[in-house]
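J.: Counting from 1 along the sequence shown, just add 9 to a position and that's the residue number in the numbering used here.
Just so you know, even glycine gets a beta-carbon here, dropped at the ideal spot from N, CA and C.
I'd like to ask some things about the structure below.
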Amino acid sequence: MTRLEGIKEAICIQYGIKDRKKIEGKLNMVAQDMLRRKEIQRQELRKGIKERFSKEYYTLTQKIFKGIEEIKDLI
10 MTRLEGIKEA ICIQYGIKDR KKIEGKLNMV AQDMLRRKEI QRQELRKGIK
60 ERFSKEYYTL TQKIFKGIEE IKDLI
């Protein structure tokens with residue numbers, strides 16, 4: 010199982026989603042954003058920036074929350 014599939018599976022389990030087919034597009038978007046956010050976090054922690062993350066990190070975080078809300082509305 011790839012990391013992307015693992016994240017999608019975890020989201021489905023967390024929200025009790027049985028039929029992934031109707032929300033697969035949104036699910037992919039959210040999972041990819043989560044992976045991208047994790048990579049940004051790793052890069053910034055390597056640089057030694059611990060107190061503040063970049064604007065891109067916060068923008069992705071907001072996008073993830075919005076995507077999850079849309080998924081919850083669809084189910």
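Return helix, strand or coil for residue 30, following the three-state DSSP convention.
T.: If DSSP states are grouped into helix, strand and coil, residue 30 belongs with the helices.
J.: What is the C-beta distance between residue 21 and residue 12, in whole angstroms, given that I count them as a contact (C-beta under 8 Å)?
T.: Incorrect: roughly 15 Å between the Cβ atoms, too far for contact.
J.: Below 7 Å between beta carbons: does that hold for residue 35 and residue 78?
T.: Against a cut-off of 7 Å, the Cβ pair of residue 78 and residue 35 comes out as no contact.
J.: From residue 43 to residue 16, what distance separates their C-alpha atoms?
T.: Spanning the two alpha carbons is a distance of roughly 8 Å.
J.: Would you decide whether residue 76 is buried or exposed? Buried here means 16 or more other CB atoms lie within 10 Å of its CB.
T.: It counts as buried.
J.: Just verifying my parser: in three-state terms, what is the DSSP assignment at residue 10?
T.: Correct three-state label for residue 10: coil.
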